[in-house]
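Here the structure is laid out as structure tokens; the discussion comes afterwards.
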Amino acid sequence: MRHESRRMKRMARSHKRKKTSGMNLTSLMDVFTILVFFLLTNTSSNEALEPPKIITLPDSVVETKPRETVTLMVTAEEILVEANSVVATSEVLESEEVIIEAIKQAMIAELDKAIGVAQVQAQGEGGRDESEQGAEPPEVNILADRGIPFSLLKKVMSSCTDAGYTKVSLAVIQKASQG
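Its first residue numbered 1, the sequence shown is counted upward by one per residue in full-length UniProt numbering.
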């Protein structure tokens with residue numbers, strides 16, 4: 001027994017000599033740094049549509065975000081489908097036609113993409129297949145400058161619906177809702 005007490009005293013003395021260092025926070029700080037970096041990179045990509053600098057979108061208090069679909073841009077100089085120039089804006093304004101054939105053909109060329117996006121979104125939201133719900137209608141998002149005359153927008157929208165796009169959305173800048 002006496003032997004154990006000497007041993008215990010020796011262990012106690014050596015234990016007192018060793019100073020225990022504080023908690024190592026380096027790993028914790030690394031985790032928080034990665035978390036902050038992740039949050040900063042993901043919050044910057046929260047908009048579905050990024051309008052170009054030459055287009056000033058109108059303001060709205062709409063709550064829903066636009067979905068990823070075929071994008072048609074109307075600028076003061078030209079009309080673009082998926083960033084490809086289709087026709088000059090002045091040419092459409094001067095035309096007496098309600099349906100612009102160049103826009104219609106460009107939209108028909110993008111129809112496969114629009115139907116594919118609609119099906120993927122329908123499966124993600126409802127989990128149902130096509131036989132249960134029918135084919136989702138193709139959708140187009142129109143980004144138009146707020147100074148564009150409505151007669152031009154009417155021709156653009158008519159051309160889109162004639163090409164088979166039954167859902168037409170106009171992109172706007174979301175303002176804070178009132179109340």
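Note that beta-carbon positions come from the ideal geometry of N, C-alpha and C, so glycine has one too.
According to DSSP, simplified to helix, strand and coil, what is residue i?
i	result
Ala88	strand
Leu111	helix
Met11	helix
Glu82	coil
Leu170	strand
Met73	strand
Glu97	coil
Ala102	helix
Ile142	strand
Gly147	coil
Leu25	coil
Gly116	helix
Arg128	At Arg128 the pLDDT is 48, less than 50, meaning the model places this residue with poor confidence; the figure from the coordinates comes in the next sentence. In the structure shown, Arg128 sits in coil (DSSP, three-state: anything other than H, G, I, E or B).
Ser159	helix
Rank the options by C-alpha distance to the C-alpha of residue i and give the top, closest one.
i	options	result
Thr89	Pro149, Met8, Thr166, Thr26	Pro149
Val98	Lys113, Lys154, Ala163	Lys154
Ala102	Ile115, Ser95, Leu93, Val86	Val86
Leu170	Met73, Met23, Val92	Met73
Glu96	Leu40, Met8, Val156	Val156
Asp145	Glu77, Lys113, Ile115	Glu77
Quick test of your reading: residue i and residue j, contact by CB under 8 Å. State the CB separation rounded to the nearest angstrom.
i	j	result
Thr75	Asn141	About 15 Å; that fails the 8 Å criterion.
Ile100	Ser159	5 Å
Gly164	Leu93	Between Leu93 and Gly164 the Cβ distance is about 24 Å, and since that is not below 8 Å, they are no contact.
Would you mind stating whether residue i and residue j have Cβ atoms separated by less than 8 Å?
i	j	result
Thr161	Pro137	no
Thr26	Glu139	no
Report whether the distance from the Cβ of residue i to the nearest heavy atom of the ligand GTP is below 7 Å.
i	result
Leu170	Summarising the ligand content, the structure contains no ligands, and the ligand GTP is consequently not present.
Touch test, the stretch 75 to 83 against the stretch 91 to 108, Cβ-Cβ under 8 Å, three pairs minimum = Yes, since at least three Cβ pairs between the stretch 75 to 83 and the stretch 91 to 108 fall closer than 8 Å, the two stretches touch.
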